[in-house]
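When you line the sequence shown up against the working numbering, it's residues 1381 to 1656, in that order. Beta carbons are placed, not taken as given, at the ideal position from N, Cα and C, and that holds for glycine.
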Amino acid sequence: MLKKQMKVLELSRNELVVLKIGGSVITDKDRELGARTDVISRIADEIYETGLRNLVIIHGGGSFGHPFAQKYLLKDGFRSEEQVIGFAETHHVMTVLNGLFMDALIWRGIPAVSIPPSSCVVTRNGRIQYFEDAPLLRSLEIGIIPVLYGDVVFDSKLGFTVLSGDQIVSYIAQKLKASRIIIGVDVDGLYDDDPKVNPKAKLFNHLTLQELTKIKCSIGCSSTPDVTGGMASKISELLPAIEQGIPVIIVNAVKPKTIYKAIKGERVEGTIIEKE
Ligand code: ATP
Ligand code: IP8
């Protein structure tokens, strides 16, 4: 019986889709603790319409996690007592944002379960060292969509740090050999410059790993660089997964139907990044 279950799990892992919904999509980055509940609801509708269960969802921190992590300088680890309440506050506001996201999924009838990274991940110098993935695997096995998020986590060298949703995406996709990664942001994909700063920035429709490595240094950071580094570090995090042959598509999740189409594998505007 268990063997049969494991086989199903193996099969489903092959077709697994890892979806990141960025903080730039579900929050208003110019307004601390400003949630875009209309966008969250629409994205939940689109996920529901796909009917896909073989999905791991990770969302970002946006104007919930980032301002708090920044205020208490949490990324570089424990330095003073005053940061301790900052760790608690940052995790708490992330659970609030996650609650809004979970509300939208669950009350539409999407079986989803929240898996807080602070409770299952320990990092070492900011990199995932230990990930208790049994709950994640069991939930996928029985058809419940695991939802994780960028979070503050304990770190074996630094005491604590900030773990980006992008590092989680790349880690899970590689570990579970996902078939695709979808990255939802608030712009149409990856450009040769920040499109919010440079209106002449050119969108890349398709990039190979080699092409990406060449342009990596020039794509710049987010116009409002956040504690986890914006677009440039997002790309760096995704590189090992792309190297492993997992294609990534970066799309504008603010635009209606985009997430639906990306999950369904339909043609959608965005940037596809593949190994070759
Ligand atoms: P969060 O970290 O809160 O989850 P996110 O993952 O949605 O946020 P950001 O880190 O804000 O995304 O990165 C997206 C932003 O990156 C866009 O709003 C855009 O202005 C900026 N950006 C900077 N350089 C580029 C580039 N070369 N191509 C596309 N967007 C870029
Ligand atoms: O928004 C960072 O995750 P990200 C989360 O995916 C926090 O970079 C707590 C700032």
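Inset, instruction - Compute every distance between the C-beta of I1563 and the non-hydrogen atoms of the ligand ATP, then say whether any falls below 8 Å. - result: For the purposes of this step, residue 1563 is taken as the residue at position 183 of the sequence shown. Yes, the Cβ of I1563 comes within 8 Å of a heavy atom of the ligand ATP.
Legend entry - For D1535, the three-state DSSP class (helix, strand or coil): The residue labelled residue 1535 in the question sits at position 155 within the sequence shown. When DSSP states are grouped into helix, strand and coil, D1535 belongs to the strand group.
Inset, instruction - Would you mind giving the Cβ-Cβ distance between E1426 and Y1571, rounded to the nearest angstrom? I have them listed as a contact below 8 Å. - result: In the sequence shown, counting from the first residue as 1, residue 1426 sits at position 46. In the sequence shown, counting from the first residue as 1, residue 1571 sits at position 191. At roughly 24 Å, the Cβ-Cβ gap does not stay under 8 Å, so E1426 and Y1571 are not in contact.
Inset, instruction - Evaluate the contact criterion for the segment 1577–1596 versus the segment 1532–1546: three or more CB pairs, one atom per stretch, below 8 Å. - result: Judged by Cβ distances under 8 Å, the segment 1577–1596 makes no contact with the segment 1532–1546, as fewer than three pairs qualify.
Legend entry - V1464 Cβ short of 8 Å to the ligand IP8 heavy atom set: Along the sequence shown, read from residue 1 onward, the residue named residue 1464 stands at position 84. Not so, every heavy atom of the ligand IP8 lies at least 8 Å from the Cβ.
Inset, instruction - Identify whether K1641 lies in helix, strand or coil by the three-state DSSP scheme. - result: As a working note, residue 1641 is residue 261 in the sequence shown. DSSP places K1641 within a helical segment (H, G or I) once states are collapsed to three.
Legend entry - Reduced DSSP category for V1527 - H, G, I as helix; E, B as strand; rest coil: Locating residue 1527 in the sequence shown gives position 147, counting from the first residue. V1527 falls in the strand class under three-state DSSP.
Inset, instruction - Measure the CB-CB distance between A1415 and L1480 and report whether it falls below 9 Å. - result: Here residue 1415 corresponds to residue number 35 of the sequence shown, with the count starting at 1. Here residue 1480 corresponds to residue number 100 of the sequence shown, with the count starting at 1. Taking 9 Å as the Cβ cut-off, A1415 and L1480 qualify as a contacting pair.
Legend entry - Validate contact between the segment 1520–1533 and the segment 1437–1449 using beta carbons, cut 8 Å, 3 pairs: The answer is yes - the segment 1437–1449 touches the segment 1520–1533, with three or more Cβ pairs under 8 Å.
Inset, instruction - Can you give me the start and stop residues for the beta strand (DSSP E) that I1437 sits inside? - result: Here residue 1437 is taken as the residue at index 57 of the sequence shown, counted from 1. Counted as a single uninterrupted DSSP element, the beta strand (DSSP E) harbouring I1437 occupies residues L1435 to H1439.
Legend entry - Counterpart residues of G1564 in DSSP-defined beta bridges: Counted from its first residue, the sequence shown places residue 1564 at position 184. DSSP, once it has assigned bridges, lists I1401 and V1631 as partnering G1564.
Legend entry - Enclosing alpha helix (DSSP H) for Y1551 [first to last residue]: If you number the sequence shown from 1, residue 1551 lands on position 171. It spans G1545 to K1555 - the alpha helix (DSSP H) in which Y1551 sits, taken as one unbroken run.
Inset, instruction - State the DSSP-derived secondary structure class of R1507, mapped to helix, strand or coil. - result: Within the sequence shown, residue 1507 is the residue found at index 127, counting from 1. Of the three classes helix, strand and coil, the one that applies to R1507 here is strand, per DSSP.
Legend entry - Counterpart residues of I1653 in DSSP-defined beta bridges: If you number the sequence shown from 1, residue 1653 lands on position 273. Beta-bridge annotation (DSSP): I1653 is paired with L1587 and V1628.
Inset, instruction - Decide yes or no for the touch test of the segment 1463–1472 against the segment 1394–1407: beta carbon pairs closer than 8 Å, at least 3 of them. - result: Flag = no, the segment 1463–1472 and the segment 1394–1407 do not touch.
Inset, instruction - Quick one: grab the DSSP three-state call for E1395. - result: On the sequence shown, position 15 is the one that residue 1395 refers to. Correct three-state label for E1395: coil.
Inset, instruction - Find out if the Cβ-Cβ distance for the pair I1653, L1583 is shorter than 9 Å. - result: Position 273 of the sequence shown, counted from the first residue, corresponds to residue 1653. Position 203 of the sequence shown, counted from the first residue, corresponds to residue 1583. No, the pair does not count as a contact, with Cβ atoms beyond the cut-off.
Inset, instruction - Can you give me the start and stop residues for the beta strand (DSSP E) that A1492 sits inside? - result: As a working mapping, residue 1492 is identified with position 112 in the sequence shown. Element bounds for A1492: A1492 to S1494.
Inset, instruction - Alpha carbon to alpha carbon, how far is V1567 from K1596? Give it in angstroms, no decimals. - result: Working through the sequence shown from its first residue, we reach residue 1596 at position 216. Working through the sequence shown from its first residue, we reach residue 1567 at position 187. Distance from the CA of K1596 to the CA of V1567, rounded to the nearest whole angstrom, comes to 18 Å.
Inset, instruction - Report the rounded CA-to-CA distance for S1602 versus A1492, giving the unit in angstroms. - result: In the sequence shown, the residue the question calls residue 1602 occupies position 222. In the sequence shown, the residue the question calls residue 1492 occupies position 112. Because the pLDDT of S1602 is 48, which lies under 50, any placement of that residue in the model is unreliable, and the question is left without a value.
Inset, instruction - Identify whether Y1571 lies in helix, strand or coil by the three-state DSSP scheme. - result: Residue numbering aside, residue 1571 sits at position 191 when the sequence shown is read from its first letter. DSSP places Y1571 in strand when its eight states are reduced to three.
Inset, instruction - Apply the 10 Å Cβ neighbour rule to K1387 and answer buried if 16 or more other Cβ atoms are within range, or exposed otherwise. - result: Locating residue 1387 in the sequence shown gives position 7, where the first residue counts as 1. The predicted model places K1387 with a pLDDT of 45, which falls under 50 and marks its position as unreliable; any figure quoted below should be read in that light. Exposed is the call here.
Legend entry - Simplified DSSP assignment, three categories, for F1540: Indexing the sequence shown from 1 puts residue 1540 at position 160. Look at F1540 here: in three-state DSSP terms it is strand.
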